[in-house]
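Have a look at the structure below, then the notes.
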Amino acid sequence: MEKRRSYLRKPDWLKIRINTNQDYRGIKHLMREESLHTVCEEAKCPNIHECWATRRTATFMILGDVCTRGCRFCAVKTGRPTELDLREPERVADSVCRMRLRHVVVTAVARDDLKDGGAFVFAETIRAIRRKAPYCTIEVLPSDMKGDDESILTLMDAKPDIFDHNIETVRRLTKRVRAIATYDRSLAVLKRVKELSPNTPVKSSIMVGLGETKEEILEAMDDLLANHVDIMVIGQYLQPTRKHLDVIRYYTPEEFDELKHIALAKGFKHCEAGPLARSSYHADEQVGEDSRRRHDELIRQTEKETGAES
Numbered sequence: 005m006e007k008r009r010s011y012l013r014k015p016d017w018l019k020i021r022i023n024t025n026q027d028y029r030g031i032k033h034l035m036r037e038e039s040l041h042t043v044c045e046e047a048k049c050p051n052i053h054e055c056w057a058t059r060r061t062a063t064f065m066i067l068g069d070v071c072t073r074g075c076r077f078c079a080v081k082t083g084r085p086t087e088l089d090l091r092e093p094e095r096v097a098d099s100v101c102r103m104r105l106r107h108v109v110v111t112a113v114a115r116d117d118l119k120d121g122g123a124f125v126f127a128e129t130i131r132a133i134r135r136k137a138p139y140c141t142i143e144v145l146p147s148d149m150k151g152d153d154e155s156i157l158t159l160m161d162a163k164p165d166i167f168d169h170n171i172e173t174v175r176r177l178t179k180r181v182r183a184i185a186t187y188d189r190s191l192a193v194l195k196r197v198k199e200l201s202p203n204t205p206v207k208s209s210i211m212v213g214l215g216e217t218k219e220e221i222l223e224a225m226d227d228l229l230a231n232h233v234d235i236m237v238i239g240q241y242l243q244p245t246r247k248h249l250d251v252i253r254y255y256t257p258e259e260f261d262e263l264k265h266i267a268l269a270k271g272f273k274h275c276e277a278g279p280l281a282r283s284s285y286h287a288d289e290q291v292g293e294d295s296r297r298r299h300d301e302l303i304r305q306t307e308k309e310t311g312a313e314s
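In terms of the working numbering, the sequence shown opens at residue 5 and continues consecutively.
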């Protein structure tokens, strides 16, 4: 008989206060109405109520809801993807307008069946949002697109406000935690994006609680900084189902505070670290100066036009 696995109970600091107010319910209804997917729901994000109900941010998951990879930490479905929906970028942009979002994160399932890894659809989604919701800042969170330079160029040509790609874990655990993706290829993608767009904030995240050591976390910080990453997010791994990797241990809020202090001391421009921190958590606070100036100029222009009309 298979040996029964013992599971760690969640500590008190991981209890979540649910806030299903009218804003949250309205966004959820709109997602269903437009047949859109969000990683907030698909990946069982613990921050969905705060982001949707309070911060007016959301993370759209484009290119379908079936991933070609089977990472052992992720709750998104794995299998053979459906056909591309080329109308999806316009639907996402329309929804951003109707939801009055201040910041949007666009992520996707991995699409290794596509030559460009979905880069073209990412770019078209950015452009559609810019046309219809120019005040909204845009962050992208793609797969590594197998490190293909042409795909990276296609995506970055659309000029997202933040580029985010996660290394997910420390070097030693990568093969056990991720599928197909490699630690060094992810670092190379992050470095290439910064070369192409020096003023665009580049971000990456890791989960802790999978068996890594503190020294390995610090090594990951150094690796990210060496590849010109500006923003780091450190969050607690939470097992989505009992078929996924076990939680080896839960880090305390004090330990996350220490890791954040170390990351900032090492040179990151921003670090979000906490039990519930995820790659898109408080992402609206992380846009760069170029994006803020563009946003402020649009507001001034609109106020000027409104004043002239009156």
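The beta carbon of each residue, even a glycine, is placed where N, CA and C say it ideally should be.
**Asked** By a C-beta neighbour count over all protein chains shown, 10 Å radius and 16 as the cutoff for buried, is P15 buried or exposed?
**Response** exposed
- Message: Just list the residues that DSSP pairs I66 with in beta bridges.
- Response: DSSP output for I66 lists A112 as bridge partner(s).
Next on the checklist: Taking only three categories from DSSP, how would you classify V193?
Outcome noted: In the three-state reduction of the DSSP assignment, V193 falls in the helix class, which pools H, G and I.
query: Do you know offhand how far K136's Cα is from A97's?
result: 6 Å
### Task
Give the secondary structure of K81 by DSSP, where H, G and I count as helix, E and B as strand, and everything else as coil.
strand
Measuring straight from C-alpha to C-alpha, what distance separates A47 and V109?
Any reading at A47 needs caution, since the residue's pLDDT is 45, under 50, leaving its predicted position unreliable; the model's value is listed next. Distance between the alpha carbons of A47 and V109: 14 Å.
Practice task
Kindly indicate the opening and closing residues of the alpha helix (DSSP H) around I156.
Solution key: D153 to M160
### Query
According to DSSP, which residues form a beta bridge with D168?
K207
Counting pairs of Cβ atoms below 8 Å between the segment 100-118 and the segment 137-147, do you hit three or more? yes
Given a cut-off of 9 Å on the beta-carbon distance, is the pair V125 and D69 in contact? no
Starting from T178, trace the alpha helix (DSSP H) both ways and give me its first and last residue. It spans T178 to V181 - the alpha helix (DSSP H) in which T178 sits, taken as one unbroken run.
* Asked: Should S1 and L228 be called a contact, given that it needs their Cβ atoms to be closer than 9 Å?
  -> No information on residue 1 is available, as it lies outside the stretch 5 to 314 that the chain covers here.
query = Which one or two residues does DSSP pair with A277 in a beta bridge?
reply = I238
Exposure label - L90; buried when at least 16 CB within 10 Å: exposed
In this structure, does DSSP put H107 in helix, strand or coil? strand
Between the alpha carbons of S201 and L12, how many angstroms are there, rounded? 43 Å
From T204 to L157, what does the alpha carbon distance come to, in whole angstroms? Cα-Cα distance, rounded: 14 Å.
Are the segment 74-91 and the segment 235-247 in contact at 8 Å, needing three or more beta carbon pairs? The segment 74-91 is in contact with the segment 235-247.
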